[in-house]
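Numbering (our numbering), first residue to last: 4 to 270. Using N, Cα and C, we set each Cβ at its ideal position, and we do this for glycine too. As the structure is a computational prediction, the values presented were derived from the model and not from experiment.
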């Protein structure tokens with residue numbers, strides 16, 4: 004279960020079901036809609052997030068509606084509908100549309116929200132030539148414990164440059180996490196660390212992380228974007244929790260580049 008790569012078809016493609024995977028405790032799926040198709044949901048005691056990956060869709064919820072367009076995670080910013088427990092909603096596709104879906108148990112009512120590009124929290128990490136720029140990436144968060152303490156989960160995206168690493172230096176946290184991978188070309192690939200293993204990450208693959216350090220890397224020439232989702236544990240929510248690998252903590256030091264060899268002509 005640690006890495007999942009199902010065959011993708013039109014409709015809802017289930018990766019994880021919280022009933023069958025209580026240690027993860029989330030539903031995760033990819034919704035694929037053809038032009039004109041619709042999808043409805045809204046389940047008691049379950050909150051749901053629907054993150055537009057590509058296409059044009061109309062979201063309907065709580066008597067409201069909004070149109071969202073995204074060519075890809077590498078060209079446009081995202082829209083994400085986050086609905087409270089038991090709130091019915093629907094999504095209508097105007098073009099071929101793909102949506103990442105994540106859900107978790109939550110008995111606490113809260114107001115639904117459509118996150119738009121202006122609502123995202125963005126962090127530029129590794130952009131000061133740390134480790135010679137090899138872990139430069141852009142971290143985007145739609146909601147977390149700080150911004151939405153009523154939620155039982157966290158959702159965001161990471162833009163991973165070709166040939167570079169993210170979720171690095173190596174760290175872990177007790178809360179379960181998933182990474183849903185997309186690449187700027189369908190043959191793109193990378194390496195996904197988790198649970199003490201290394202997986203071959205590919206388009207539409209899902210890494211399920213229950214334990215251990217979980218760094219990610221994209222192959223040179225292929226940009227990667229992965230959706231990252233975390234479930235809060237009872238009494239122990241993820242609050243940007245990060246437990247670094249003691250053997251690699253030295254990578255945070257300002258002189259971490261100094262030991263790296265230089266070729267003739269390097270400055």
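At 3 residues or longer, and completely inside the region 151 to 181: list those beta strand (DSSP E) runs for me, N to C. Correct list: 156 to 163.
Specify, as a first and last residue, the run of the beta strand (DSSP E) that residue 35 falls within. 29 to 36
Neighbourhood of residue 147 by C-beta distance below 6 Å, restricted to the same chain and skipping five residues each side: The residues are 157.
Please classify residue 122: does DSSP put it in a helix, a strand, or coil? helix
Coil, strand or helix - residue 50 by DSSP: In this structure, residue 50 counts as strand in the three-state DSSP scheme.
Residue 133, DSSP secondary structure in three states: helix
Inter-stretch contact at 8 Å, needing at least 3 Cβ pairs: the region 124 to 132 / the region 45 to 63: In the pairwise beta carbon analysis, the region 124 to 132 is classified as not touching the region 45 to 63: fewer than three pairs are separated by under 8 Å.
Quick one: Cα of residue 203 to Cα of residue 169, how far? 15 Å
State buried or exposed for residue 73, treating a residue as buried only when at least 16 other CB atoms are found within 10 Å of its CB. Buried is the call here.
In three-state terms, what does DSSP make of residue 267? coil
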